[in-house]
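There are 2 protein chains.
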Amino acid sequence: MWLHVDPRSAVPVYQQVVEGVKAAVARGVLKPGDKLPSVRELAMELTINHNTVAKAYQELERLHVIEVIRGRGTFIAAEPVPADRDHRMRELKHAMVRWIVEAHHMQMDEEALLELFRTVLQEWRNGREHE
Amino acid sequence: MWLHVDPRSAVPVYQQVVEGVKAAVARGVLKPGDKLPSVRELAMELTINHNTVAKAYQELERLHVIEVIRGRGTFIAAEPVPADRDHRMRELKHAMVRWIVEAHHMQMDEEALLELFRTVLQEWRNGREHE
DNA sequence: CATGTGTACTAGTTATCATAGTACACACAG
DNA sequence: CTGTGTGTACTATGATAACTAGTACACATG
C-alpha cells in the first residue's frame, strides 16, 4: 500500500492521508484518472473512521488533487491547477526561513544547509525512479 | 520590539514566542547573556497571559536556547548545544520532502525550487546585516 | 431494485490551548 | 529582615479541533 498512517502522531490523521495522496501523485504512483479506494474501503484498511477519510478527500478536492463524482468514486484530477499560488509561495518562503533558523540553532553552516537540501532533493529523485 | 504575535493564527501563541526568540537569536538581535523580559512584562506587552509566556520560556530552556535563573530572570544561553541533533535533522529533512511534494503540486520545477531557496538564503543574509 | 458511491448530521470523547487568579520559592537591593 | 521582582505550580474554566460511532440521505450504475 502507498499509504501509511500513524494514529499516535501529533499531525492529524486526515492530514496524513492528504499528504500521503499528494506525495503519491508527486511520485507518479498515482496518475490522473486513477481511482482511489472508497472512503469506507480506505477507512477499513487504515482502521480509522470513514468520516476521517471523507474529510481528507474533501480537502484534496479543494486542492484540485482529486475529483469526486457522487455515486461513482474519487479519481486523481487531470491537471493540478495551482489555485492560490501566491499564498502557497509565501508559505514556502516562510518555511525556508524556518529551516535557516533551525539550522542555525543546530550550529549548521548555511552552506551545509544548502548542500543538505540538494541531497534530499537527489534522494527524492532516486526514490521516484524506483516506482 | 523584536517579537510579534498573532492571536488569530492557527499556530499556538506560545509556539510563536518560541520561534520568535529563536529567530531573533539566529539573526543576532539577541546575543548570549542578553536578558529577556520577565514573563509578566512580556505577557503585558503582548497582551497575553503570563502562563503562556512561561510555557514558551520552558520550551526554550528545554532547547538550550535560554537559561533560567530563579529570582533573577532569563538569559540567552551561551552555547546553543544541539542536544537531539539526529532527531531535529530527521525533522528538517522531512520538512524539506514535504515542500518538494508541495512544489510539485504547484507545478514548480525542482531546479526552480533550489533556486528559490538560494534566493531566500541570500535575502536572509542581507536582512541580517541590517541589524 | 439492490448495491456502492460520497455526503450530512448528531452525539460524545479526548486533547490542546489559553485565560484567570492565586500562591509559593528564590535572589537581591534596601 | 523586608520588600520587590523573578520563575514556577496549581486549580478552574472556556474554546476549539480531531476523532469515533452510528445513522441516514442522494446519486450512479447494473
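Respectively, the protein sequence lines represent chains E and A.
So our numbering is basically just the index in the first sequence, starting at one, shifted up by 1.
So our numbering is basically just the index in the second sequence, starting at one, shifted up by 1.
Beta carbons are placed, not taken as given, at the ideal position from N, Cα and C, and that holds for glycine.
Query raised in the report: How many Å lie between A96 of chain E and R86 of chain A at the Cα?
Result: 19 Å
Query raised in the report: When DSSP builds the beta bridges, which residues end up paired with I101 of chain E?
Result: According to DSSP, which records beta bridges pairwise, I101 of chain E is partnered with nothing at all.
Query raised in the report: What does M97 of chain E reach in chain A if we use C-beta pairs closer than 7 Å?
Result: F118, V121
Query raised in the report: For the beta strand (DSSP E) that V69 of chain A lies in, which residues bound it at each end?
Result: 67-70
**Report entry** Proximal residues of chain A, C-beta to C-beta of I101 of chain E below 8 Å
**Finding:** A27, V121, L122, W125
Query raised in the report: Quick one: does V66 of chain E have its CB under 9 Å from some CB of chain A?
Result: yes
Query raised in the report: Do V22 of chain A and L4 of chain A have their C-beta atoms closer together than 9 Å?
Result: yes
**Report entry** Minimum C-alpha distance to I77 of chain A - residue among A:P33, A:E111, A:E20
**Finding:** A:P33
Requested in this report: Look at W125 of chain A and V98 of chain E and say whether their C-beta atoms are less than 9 Å apart.
Outcome: yes
Query raised in the report: According to the neighbour-count rule (16 or more other Cβ atoms, all chains shown, within 10 Å of its Cβ), is M2 of chain A buried or exposed?
Result: exposed
Query raised in the report: Can a CB atom of chain A be found closer than 9 Å to the CB of E111 of chain E?
Result: yes
Query raised in the report: Between the beta-carbon of A44 of chain A and the beta-carbon of V19 of chain A, is there less than 9 Å?
Result: no
**Report entry** Exposure label - H105 of chain A; buried when at least 16 CB within 10 Å
**Finding:** buried
Report task. Count the other CB atoms, across all protein chains shown, that sit within 10 Å of the CB of I67 of chain E; report buried if there are 16 or more and exposed otherwise. Result -> buried
**Report entry** chain E contact for A104 of chain A (CB, 9 Å cutoff)
**Finding:** yes
Requested in this report: For L115 of chain E, return the contacting residues in chain A, with the cut-off set at a CB-CB distance below 8 Å.
Outcome: F118, R119, L122
Query raised in the report: Roughly how many angstroms lie between the CA atoms of P38 of chain A and A11 of chain A, to the nearest whole one?
Result: 25 Å
Query raised in the report: Exposed or buried, what is A27 of chain E when buried is set at 16 or more other beta-carbons lying within 10 Å of its beta-carbon?
Result: buried
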